[in-house]
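See structure below.
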Amino acid sequence: MSGDSIVYGIINNLLRHKSSLISKELKMIRIVVLYLLLSLTSVCYCQNVISIIPEPLKIEQKIGYFQVGSSTVIFSDQETKNIADDFAKALSLSAEISTGAPCSTQSETNCIQFKLNAGLKDLGYEGYRLEVKENNILIESSAIEGVFYGMQTLRQLFPVEIYSGRTATNRNFQVPCCIIEDMPRFKWRGLNLDVSRHFMPKEFIKKYIDLLAMHKMNILHWHLTDDQGWRIEIKKYPKLTSVGAWRKETIVGYWNTIPHVYDGKVHGGYYTQDEIREIVAYAKQRCITIVPEIDMPGHVQAALAAYPQFGNADEPVSVWTTWGVSENILNINEETIQFCQDVLTEIFDLFPGQYIHIGGDEVNDVQWKKSPKVQSRMKELGLKNESEIQPWFTKTMYSFVTKNNRTLVGWEQILNDDLSGAIIGTYLGAEPTIKAIRSGCDVVMAPSTEVYLDKYQSDPDKEPIATGFTPLKKVYLYEPVPKVLTLSEQKHILGVEGQVWTEYMPNTEHVEYMTFPRACAIAEIDWTPSDRKNYSDFCTRLKYHLERLKKLNVNFRPLTDVNE
-18 MSGDSIVYGI INNLLRHKSS LISKELKMIR IVVLYLLLSL TSVCYCQNVI
32 SIIPEPLKIE QKIGYFQVGS STVIFSDQET KNIADDFAKA LSLSAEISTG
82 APCSTQSETN CIQFKLNAGL KDLGYEGYRL EVKENNILIE SSAIEGVFYG
132 MQTLRQLFPV EIYSGRTATN RNFQVPCCII EDMPRFKWRG LNLDVSRHFM
182 PKEFIKKYID LLAMHKMNIL HWHLTDDQGW RIEIKKYPKL TSVGAWRKET
232 IVGYWNTIPH VYDGKVHGGY YTQDEIREIV AYAKQRCITI VPEIDMPGHV
282 QAALAAYPQF GNADEPVSVW TTWGVSENIL NINEETIQFC QDVLTEIFDL
332 FPGQYIHIGG DEVNDVQWKK SPKVQSRMKE LGLKNESEIQ PWFTKTMYSF
382 VTKNNRTLVG WEQILNDDLS GAIIGTYLGA EPTIKAIRSG CDVVMAPSTE
432 VYLDKYQSDP DKEPIATGFT PLKKVYLYEP VPKVLTLSEQ KHILGVEGQV
482 WTEYMPNTEH VEYMTFPRAC AIAEIDWTPS DRKNYSDFCT RLKYHLERLK
532 KLNVNFRPLT DVNE
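Per our numbering, the sequence shown runs over residues -18 to 545.
Shown next, in the form of C-alpha cells:
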C-alpha cells in the first residue's frame, strides 16, 4: 500500500472516530509524512496506482511491493528467453537471464520468472496469469503469445521512468503486489498504416510495431500500394518501384477543392525485399502478424504508371498526385491476371503470415464500359455485364490465394456468395457486416465513423487538416457486435481495426498525433470485455498512460477535454 493511501485511510479514520483517538492518529500522520519526505530523496521509483491499458480481465491488488534492482535475477524457459531478454532490455536492467532451474515462487527472493504452463489453456493462447509478490514475480501462460502480453502488462506496473530507455544502473523500482488474470476479447486486434499516400521510413514502421505490441495489438495491416505510390520491391517488375514509387508533386489541401494547388515537391520511397523481411521478423518477435495490402483491381494508378499495358487507358498515366478515387483500373486480360499472380507470389514469400489483403474497394467501372478489349474479354468469360467483372476477378484471386494456403482479405465490396472462408473488412456499417457473416465469411470491423483515425479529433479550427469528426470518446464507446446477431454469428466478428489513412499525414509526427491516444481506445475495445469498459475510468488511466508515451517520444494529441 502506498504512503498516500495510508494517509488517506488515517484521515478517514479521524473523521469516523471519537476525539479521544485524535492524538494517536496525529502521531501516526507525523510518522507517515516523515516517511514520505524521506522517500522523495531516495532513488526508488514507485508506482502507487495500477493503471493498465488495455484494462485486464481481472485485477486483484495486494499489499506491498516487489523491489527490482541490480541484484534481481530473471528466469525463463528456453522458449520464453527472447521475451525475458526483451524485458530486461526494455527496462535497461543488467540482470542476468537464466534458463536453468527456475526460482521457487514460494521462497526464492528477488527473481522474475517467465514460464509456459499448459494448465492455463482456459485463458487461451494469448491469455496469461501474472502474480507479483514481495519476493518474486511470475508470468505464465500456455503459449508464447500469452507470456509476451503478460510481459507488456508487467512493464505497465513499473513507474513511467522505465519507458525512457535510459540505463537503470543504481536504480530501484517498486512494483505493486497483485494478481492479474487476463485474456483478449477478440483475436484480430490491430491498426492499418497507409504508406502509399505518404511514405514512412523503416525505423518508424518498427516504432509503430512497438506501440502496437505495447497495446497488445497483434495485427499490422500494411497498406503498401495505391494510386499515389507503390512501396514494395517486386523483383519481376522493377519499374513498380523505379517508376511507381515516385510522384512528381502532391496536392495541397482537399482533393475536391477547385482549383487544385500542388507543392511542387517529388515524393516517394519504397521498401526493399530485405527491409520487408527485416520488418516482418521484427513484428513476429513482438507477436504481430503483418497483413500486406496489395490493391486490385482498383487503386492501381501507380502500378499502371509503370506498366500501362495492364490498364485500359489509351494514353500513359503518371503516379497520381491528388487524393480521391482514380478511374484508372486494371484490365482483365490474361497477361494482367498473370501480373497480379506474379506479384502475389513474391508477396507470399515475403510475408509468411496467413492473411493476404487485396483491397477490392472503390472500383470505378467506367473504363471497363468503354474498353473494346474488356467488352470482348467479357464475352469470352461469359460475363453478362460490367457488374460481373469484379466478382469474377475477385474469385480468380481468391482461388489463387487459397491454393497457396493463405486466407484472402478484402473490403466489403468484394463480397459475393463464392467467397466463403474469406475475411471481410467492413467500413460502411452494420448491414454489410451482417451480410458477410451470413455469407460464410469472418469480419473485421473498421467503421469509418468510429475507427478511421484520419478524422478530426476536436474543433477543426484547432486541429490540422483532416476530414469528418471522430473524437476519443466516440471511438471508445464504439461497440463492434451488432445486437441482431445470434451468439453463433457473433463468433464471426474477429475484432476491430483502426484505420490510419495518410492523405493528410505527411510525416511520422503527424501520424502519431492522429493515431494516439485514439488507438489506445481501440486497443481497449479489442481486448477488454465490454462489461469492464468505463470511459471515465479509461480517461483516468489514460492520463498516466500518456506519460509512458511521452517517455517513448510519441507525438500524441494532448488529452484536453475527455468529453470531446
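Heads up, the beta-carbon is just placed ideally off N, CA and C, and yes, glycines get one too.
If I follow the unbroken alpha helix (DSSP H) through residue i, where does it start and stop?
| i | result |
| --- | --- |
| PRO140 | Neither: PRO140 is in no alpha helix (DSSP H) and is coded neither H nor E. |
| PHE519 | 516 to 532 |
| LEU434 | LEU434 -> no alpha helix (DSSP H), and no H or E assigned at all. |
| HIS338 | Counting along the chain, HIS338 falls outside any alpha helix (DSSP H), though it belongs to the beta strand (DSSP E) covering 336 to 338. |
| PHE185 | 183 to 195 |
| THR222 | 220 to 223 |
| GLU296 | From DSSP, GLU296 is part of no alpha helix (DSSP H); its letter is neither H nor E. |
What does DSSP give as the partner residues of residue i in its beta bridges?
| i | result |
| --- | --- |
| ASP423 | ILE404 |
| ASN624 | The shown model of the chain, from -18 to 545, leaves out residue 624, and the question about it has no answer. |
| PRO273 | TRP203 |
| VAL242 | VAL233 |
| TRP392 | GLY406 |
| PHE497 | Answer is none; PHE497 lacks a bridge partner. |
| HIS248 | ARG228 |
| TYR46 | PRO157 |
| SER51 | For SER51, which the question treats as bridged, DSSP gives no partner whatsoever. |
| GLN480 | TYR433 |
With H, G and I counted as helix, E and B as strand and the rest as coil, what does DSSP make of residue i?
| i | result |
| --- | --- |
| TYR(-11) | With a pLDDT of 36 at TYR(-11), under the threshold of 50, the predicted position of this residue should be treated as unreliable, and no value is reported. |
| PHE320 | helix |
| GLY105 | coil |
| ARG228 | strand |
| ILE3 | For ILE3, the predicted model reports a pLDDT of 38, less than 50, meaning its position is unreliable; a value from the coordinates is still stated below. Of the three classes helix, strand and coil, the one that applies to ILE3 here is helix, per DSSP. |
| ASN63 | helix |
| VAL14 | With a pLDDT of only 38 at VAL14, under the threshold of 50, the placement of this residue in the model should not be trusted; the figure read from the coordinates follows. Correct three-state label for VAL14: helix. |
| ARG258 | helix |
| CYS25 | Note on CYS25: pLDDT 49, under 50, position unreliable in the model; the coordinate value appears next. Three-state DSSP puts CYS25 in a strand. |
| LEU311 | coil |
| VAL306 | coil |
| THR377 | helix |
| GLU369 | helix |
| LYS8 | For LYS8, the predicted structure reports a pLDDT of 40, less than 50, and the residue's modelled location is therefore unreliable. A value from the coordinates is still provided. Residue state, collapsed to three classes: helix. |
| VAL347 | helix |
| ASN536 | coil |
| SER352 | coil |
| GLY100 | helix |
| SER122 | strand |
| LEU72 | coil |
| THR509 | coil |
| ARG547 | Residue 547 cannot be examined here, being either before or after the span of the chain that is shown, -18 to 545. |
| GLU36 | coil |
| GLY146 | coil |
Is the beta carbon of residue j closer than 8 Å to that of residue i?
| i | j | result |
| --- | --- | --- |
| ILE405 | LEU331 | no |
| PRO463 | THR414 | yes |
| PHE537 | GLU505 | no |
| TYR457 | TYR516 | yes |
| GLU41 | ILE118 | no |
| LEU325 | VAL382 | yes |
| ALA447 | TYR485 | yes |
| ASP378 | LEU434 | At residue 378 the sequence reads Met, which differs from the Asp that was named. The answer is no: Cβ separation not under 8 Å. |
| LYS168 | TRP508 | no |
| SER73 | ARG522 | no |
| ASP207 | ASP276 | yes |
| GLU478 | ILE239 | no |
Since residue i is in the beta strand (DSSP E), which residue starts that stretch and which ends it?
| i | result |
| --- | --- |
| GLU162 | 153 to 163 |
| ASP175 | 169 to 175 |
| VAL54 | 54 to 57 |
| PHE291 | From DSSP, PHE291 is part of no beta strand (DSSP E); its letter is neither H nor E. |
Could you give the C-beta distance for residue i and residue j, rounded to a whole number, given that I count them as a contact under 8 Å?
| i | j | result |
| --- | --- | --- |
| THR375 | GLY391 | 7 Å |
| ILE260 | ILE186 | 5 Å |
| GLU126 | GLU107 | 5 Å |
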